[in-house]
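One structure below.
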Ligand SMILES: Cc1cc2nc3c(=O)[nH]c(=O)nc-3n(C[C@H](O)[C@H](O)[C@H](O)COP(=O)(O)OP(=O)(O)OC[C@H]3O[C@@H](n4cnc5c(N)ncnc54)[C@H](O)[C@@H]3O)c2cc1C
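What follows is the structure in structure tokens.
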């Protein structure tokens, strides 16, 4: 019988989950790293560069993902969703659901024949919402919403990598401990309807905007263009706390949006100094090391930080111009400004640890436990791993400072 009781289940393979898995494995624990997506890296993989260093996001994430896949004590389960945790007579039992997988990555040679025969163009070269292709080696990406399971791709595959009779599989594993690092999501529909999120191509969430500028950054000399009609952008507005710090929707601060607005605005200003960029904010929050200086750099580059929250964003196309009209109340009078693109920031919802898993003693860490940037998510993950390892060696196990705090002192 394998030593399953001592294995630790780590749910979510974003930066937090991968860090926790590596720390545990390096300490000698066996780890099951479970990720619902087809790849490791979480939301960070969707970023182009990261504040406060402006380094590329992909390289460190890819290095961590590679280390997890290669580690002899880590079993990586992608395409697998954590459904719950219950206490069994001999330890905890985790319930997992393995998604039906059309393409077997071990057999696929990425020849593209399945993409050619798909009548609904449901098979693509890479996931459309990621600036990078995380699959190594690459496999075609299936848009499940478009696929009508016509079965044409199976016979076209020369490597026999396509299983058209795929089915979802549910299974259980025994685990000694569990770390939940489920991260965050941008809620759909967008939480504050007055800003028109997801209703017009030129009103973008920060994550969608990150993908847009990653692609534009990749083409030297290219000007930023409106997604709606391709016209060059002249002015851009960021609305901070859109749906966040708002009792109607998400009452918490998303913690990372002031900084990533400064990051995105600075890149754009460096590349296109003539762009007019306004960041409409409630307060600017820069608590981390070097963050205030980072914000000041954005100001020096010419980004306008305006302390005001517009009340409405709506597309207009008439004699007064074309774009997204922002309505503000200034000194009891209503003023309107026009922007070519509006970026909605805030409204990042923490993925909660399932209740029964929390009751069974799962340790939340990373963004799901509280909104946190990469550095803080990784610190939390290390603390959660240390808590579990300390318990194994008899150290810290009963320390009241650690109990019930998601591994944070
Ligand atoms: C637009 C934008 C720009 C940002 N820019 C920066 C930046 O420049 N610098 C910075 O430090 N931070 C930045 N951040 C914040 C950064 O993205 C987060 O700090 C980081 O992603 C948190 O990592 P995480 O591992 O906790 O969560 P995530 O990255 O969200 O990963 C969680 C993982 O868990 C998986 N998961 C969830 N539920 C389950 C389940 N039930 N079963 C299996 N798997 C599950 C998800 O699929 C996901 O892969 C930015 C955020 C946004 C929105």
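In our numbering, the protein residues as written are 65 to 473. Glycine included, each C-beta is placed from N, C-alpha and C at the ideal position.
> At which residue ranges does the region 228-295 contain complete beta strand (DSSP E) runs of 3 or more residues, listed in the order of the chain?
Replying inline: 233-239, 241-244 and 267-269
> In three-state DSSP terms, what is residue 402?
Replying inline: strand
> Can you name, in chain order, every residue of its own chain whose Cβ lies under 6 Å from the Cβ of residue 100, other than the five neighbours on each side?
Replying inline: 145
> For the alpha helix (DSSP H) that contains residue 409, what are its first and last residues?
Replying inline: Note, residue 409: premise wrong, no alpha helix (DSSP H); not H, not E.
> Going by the CB atoms, is the gap between residue 179 and residue 188 shorter than 8 Å?
Replying inline: yes
> For ligand 1, any of its heavy atoms closer than 7 Å to the Cβ of residue 77?
Replying inline: yes
> What do you get for residue 307, buried or exposed, if any count of 16 or more other CB atoms within 10 angstroms of its CB means buried?
Replying inline: buried
> For the putative contact between residue 181 and residue 121, defined by C-beta atoms under 8 Å, what is the C-beta separation to the nearest angstrom?
Replying inline: At roughly 35 Å, the Cβ-Cβ gap does not stay under 8 Å, so residue 181 and residue 121 are not in contact.
> Expressed to the nearest angstrom, what Euclidean distance is found between the alpha-carbon atoms of residue 80 and residue 385?
Replying inline: 45 Å
>> Please give the ranges of any alpha helix (DSSP H) in the region 293-377, keeping only runs that are unbroken, at least 4 residues long and fully inside the region.
In response: 321-335 and 355-364
>> I believe residue 72 touches residue 98 by the beta-carbon criterion, under 8 Å. Please report the beta-carbon distance rounded to the nearest angstrom.
In response: The Cβ separation is near 11 Å, so there is no contact.
> Count the other CB atoms within 10 Å of the CB of residue 296; is the residue buried (16 or more) or exposed (fewer)?
Replying inline: exposed
> To which residues does DSSP link residue 391 through a beta bridge?
Replying inline: 376 and 400
> Heavy atom of ligand 1 less than 7 Å from the Cβ of residue 555, yes or no?
Replying inline: In this structure the chain extends from 65 to 473, so residue 555 is not present and cannot be described.
> Is the CB-CB distance between residue 388 and residue 399 below 8 Å?
Replying inline: no
> What residue range is occupied by the uninterrupted beta strand (DSSP E) comprising residue 139?
Replying inline: 138-141
> Counting along the chain, where does the beta strand (DSSP E) carrying residue 146 start and finish?
Replying inline: 144-152
> Per DSSP, what kind of secondary structure is residue 177 in: helix, strand or coil?
Replying inline: helix
> Quick one: does the C-beta of residue 115 sit closer than 7 Å to a heavy atom of ligand 1?
Replying inline: yes
> Any heavy atom of ligand 1 within a distance shorter than 7 Å of the CB on residue 101?
Replying inline: yes
> Tell me which same chain residues have a C-beta within less than 7 Å of the C-beta of residue 131, skipping the five on either side of it?
Replying inline: 86
> Quick one: Cα of residue 65 to Cα of residue 329, how far?
Replying inline: Because the pLDDT of residue 65 is 36, which lies under 50, any placement of that residue in the model is unreliable, and the number read from its coordinates should be weighed accordingly. Cα-Cα distance, rounded: 56 Å.
> Is the closest heavy atom of ligand 1 to the C-beta of residue 259 under 7 Å?
Replying inline: no
> Cα separation between residue 412 and residue 222?
Replying inline: 43 Å
>> Less than 7 Å separating the Cβ of residue 406 from some heavy atom of ligand 1?
In response: no
>> By the three-class DSSP mapping on this structure, what secondary structure does residue 449 have?
In response: helix
> With 16 as the cutoff for other CB atoms within 10 Å, does residue 235 come out buried or exposed?
Replying inline: exposed
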